[in-house]
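At position 74 of the sequence shown the residue is numbered 74 (the UniProt record's numbering), and the sequence of numbers has no breaks. The beta-carbon is built from N, C-alpha and C at its ideal position, and this holds for glycine as well.
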Amino acid sequence: MRRTVRAVQEAALRWLSRNRAHFLLGDGALAPDGRVNDSWKPLGELAQVCSTLCARTPPSDPVHSCARELLAFAWRETGEGALFLPLQRGEPFATYPLEVYAAFASAGLRHPGYERAAATVAATRGWRLTEQHPTRRLGVLCAERQIGLHRDDHESELLARTWLGGLPEPWTFERASGYALTHVVFHLTDWGRGGPGPPAAVADHLAHWSPAWLVTCLEAGLWDLACEVAAVAALVPTARTDAAFEAALGETWPRIARAQYASGALCEVDTRMPQAAPSQEAVPRDEGAPGPDGHGFRTCYHSTLMAAFAAGLTLARWDGLCDEPSPSWMTTGVPG
């Protein structure tokens, strides 16, 4: 099984490396009407995943080297942090600049000027009183924590207002709640790099029910969500001796490996499943190599990132590394 997980991870990282040009911000990244979801969001997600892979793999591992190279590429694309200043000035109360920056900061890549500007904005009543859903608020608190800002919000109260924090009936799990619960866990664990973690009752709830939720995603061909739930599973501390939990993980990786294209790309959903209409071909088309319009990249990049992310956390869990604080090399930065 370990060989299968590793193969999925390495193939995903190869695809991401080959397609790094599609993570470039582009000329419109700082435009007032810029399309954030096509510029900063993919780059931030690349940084987030690579920061975690750097934290949870030893420097001697080729995966660590690949993740460091991709992280260095992403950091250079931000002007080594300099582009966050005009981005923040253009949208002072937007949270995504801080959230993207925090992914780099967690790997020791810092821009003091931006951090001073972010701290000034974060100290305002306007920033503190911005209305957000609890899950999103947890994400902002996670980003603030990673750059050393601490707000007087009570995470336990925010958590209680999320779907996962309310300990919902397990049969109410569906696609939207699935993505909500995974991001709650990612925010509480600083994307697998530390953080306060979920409280015992929430961890027990996840340990008990995430195997069934994971199998549900696999049976529906929801590869992107399945990888996110598998990543959560790797972060649940109370599940280590749970046979059902281990069986679910054992079923996950062969199915993800079969769904992964030879290129290393993984589509968000199985194109053979009814919910993936209108494309319901007998054999899925490999869109890992983007066409002129980047269509293949857009439909594959996030799930491919999540495959590498979940695989890294799964391997780290088996090696006992998810219990360790981020190692010392994470504070030294990434060479350009």
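Excluding five sequence positions before and after residue 36, the CB atoms of its chain that fall closer than 7 angstroms to its own CB belong to 96, given in chain order. Of the residues assessed, residue 306 falls on the buried side of the cut-off, its CB having 16 or more other CB atoms within 10 angstroms.
Residue nearest to residue 220 within the set 208, 268, 203, 190 is 268 (criterion: CA-CA distance). In the three-state DSSP reduction, residue 92 falls in the coil class, being neither helix nor strand. Under the three-state reduction of DSSP output, residue 211 falls in the helix class. Note that the C-beta distance between residue 182 and residue 232 is below 7 angstroms. When C-alpha distances from residue 191 are compared across 100, 40, 111, the shortest belongs to 100. The count of Cβ pairs closer than 8 angstroms, one atom from the region 157-164 and one from the region 112-121, stays below three, leaving the stretches out of contact.
Sequence-distant partners of residue 32 (beyond 5 residues in either direction) whose C-beta falls short of 7 angstroms from its own C-beta, in its chain, are 90. Annotated as proximal: residue 13 and residue 308, with beta-carbon spacing under 7 angstroms.
Residue environment for residue 270: buried (at least 16 other C-beta atoms within 10 angstroms of its C-beta). Runs of the alpha helix (DSSP H) lying entirely within the region 90-144 and spanning at least 4 residues, in chain order: 96-105, 112-122, 125-128. If you draw a straight line from the Cα of residue 84 to the Cα of residue 114, it comes to about 6 angstroms. Assigned with DSSP and collapsed to three states, residue 1 falls in coil, not helix or strand. With a cutoff of 7 angstroms on beta-carbon distance, residue 296 and residue 225 are scored as not near each other.
DSSP places residue 30 in the coil class of the three-state scheme, outside both helix and strand. Between residue 64 and residue 138, the gap from beta carbon to beta carbon reaches 7 angstroms or more.
Residue 267 carries a coil assignment under DSSP once its states are collapsed to helix, strand and coil.
The Cβ atoms of residue 104 and residue 176 lie no closer than 7 angstroms to each other. Shown here for residue 106: same chain residues with a beta carbon closer than 7 angstroms to its own, the five before and five after excluded, namely 51, 146, 190, 193 in chain order. Cβ neighbours of residue 39 within its own chain (closer than 8 angstroms, five residues either side excluded): 25, 26, 28, 29. Sixteen is the threshold: when 16 or more other Cβ atoms of the shown chains lie within 10 Å of the Cβ of residue 68, as they do, the residue is buried. Per the C-alpha coordinates, the member of 209, 196, 184 positioned closest to residue 171 is 209. Taking residue 202 as the centre and dropping the five residues before and after it, the same chain places the C-beta of 159, 164, 165, 167 closer than 8 angstroms to its C-beta, in chain order. Closest in alpha carbon position to residue 264, among 302, 130, 247, 142, is 302. For residue 260, the CB contacts under 8 angstroms within the same chain, skipping 5 residues up- and downstream, are 8, 11, 12, 266, 307 in chain order.
Shown here for residue 255: same chain residues with a beta carbon closer than 7 angstroms to its own, the five before and five after excluded, namely 218 in chain order. DSSP places residue 147 outside both helix and strand once states are collapsed to three, so it counts as coil.
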